[in-house]
Structures are given as structure tokens and as C-alpha cells.
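Inspection log for the structure reproduced underneath, given as C-alpha cells.
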Amino acid sequence: MLGVDQFGPDPRLPEEARRRGVAWLFGTEGGEPGSRYMAYNLVRGEDNGAPSFVQAKTIPMPFGERMPGPDWMRAWLDEKLGFISQVPGRLTAQSGFRMETPQGPLVVHPLICSEALIATRVQEGVALTGAELLTNHTNDGWFDRSVATDLHGVQIRLRAAEMGLPMLRTTLTGKSGVFRRTAPGPSGAPRSRRRSTSSPCAGGPSGRPRAVPCCAMPLSRCSPWAPCFP
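Sequence positions in the sequence shown follow the working numbering and run -5 to 224.
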């Protein structure tokens, strides 16, 4: 959501989660109370009965989102260029969105746009939060008709393989999807082709896969998580 300040409390959003019985995590923006500027790129999460989750982008893109250099230089560049440098958020153990599922809590670690390009940023976030699922929230509309959004998608899918975790990508252009972890398993077969007989992703008595691919199934039906996102 763009152009709407959703940094602070908003009783409407958790109430909507409660009314619909769902949890959601979405990209948005916001600013400090009383500020005229929305200086944060954010993700916000709501789950029925849980406190609101708000995480600001920890590494704003140099020049595109935040002028580099010391404070005095950044202020000078902002003034000369009519720019507003974004404020970086903090990466902590609370930087994971915890949502309840029938199989127990699931920890989701969100990555805002270009953050997913930085392997060390993803590694630190997963280590701090104990994430079981990655998400990427990308405003790719400003790429227009260039191949930039496709290049972005090709690069960030590496994080799923590196971390051994699935990644859900959501964009404004509709180029959204699931990036599966693709590293070979102990048998040498790609994980994307393996099935576990203990999960709803497994096939029937014949061992043949179900007609509905697991990536198309609701998250709440997957247990344990790993076989659902091979």
C-alpha cells in the first residue's frame, strides 16, 4: 500500500484480521507521529488476537532511498536535490512475523525489495528470528517495462537455495510467486521433486504425487513445513 501512513497503531487492521479469521503480511510505508514525511519503507503484519507487527527496511537503497555518507552530507544532498532520505529500521530477534496455524506457530521473515539481494542481510535476519519462511515485498512498478523486475526475481531466488527456506515474492506488477529451495537432498534428487509420506504434499498409496501441487495449497494445510516447500 502506497501513500498511506501505516507506521502507527490502527485498530481497523487487527479488527479486519479478527473478523476474517486470517493473517496477512503486506508492504506499506509510514512515518513518525507528527512527521509530515513517510520516511519508512515498511512491512506490516496482522494476525487474529496478536499485536501488530511492523518492520522498517533496514538497508535503504543508496541514492534511490537514502543518500549515502555522514549525516551532514546526507542533509546537504537532501536539501540540494529536494530528496527525503529514508530512515533505516533495526534488525532484531523481533523482526519475524509470528502467525498461528493449525500445526503451530510459523515464523516469517520479511525482506523489503532490494534487501533480498543482500545475502548477508538475509543470513542475519534468519539467524536472529529463527525464520521458517521468507517473504519479499517489492514495489516493482517503477521498473516500468524494463527487465529489471525479472532480474530482481532471478537474483533473490538464490536466497531460498542458500538458506534452505522457501520464499514468497509479492509485487505490484503481478510477477509474484514461490521460490522453492532447490539444493539437492541426501539422495541427490532435487528437493523440489521429493515428497514426504508424512505430509499432505505426499501422494496416495501408489506413491504418486497429488494432482494439486503443494505450492498451490493453503499454508495452513501443510505439515510439516519443509516437505510443503521443497
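We put the beta carbon where it would ideally sit given N, CA and C, even for glycine.
Have a look at L111, A125, F173 and flag the residue whose alpha-carbon is nearest the alpha-carbon of M55. L111
D(-1) versus F47 - alpha carbon distance: 15 angstroms
Please state the DSSP three-state secondary structure of L127. strand
Selection from E9, W70, D72, V81 that minimises the alpha carbon distance to F1: V81
Segment limits, beta strand (DSSP E) that includes T164: 161 to 165
Of the residues A155, E118, L166, which one's Cα is nearest the Cα of W136? L166
Please classify I106: does DSSP put it in a helix, a strand, or coil? strand
Selected residue, minimal CA-CA separation from L128, among A142, G168, L100: L100
Considering V37, what are the terminal residues of the beta strand (DSSP E) in which it resides? 34 to 40
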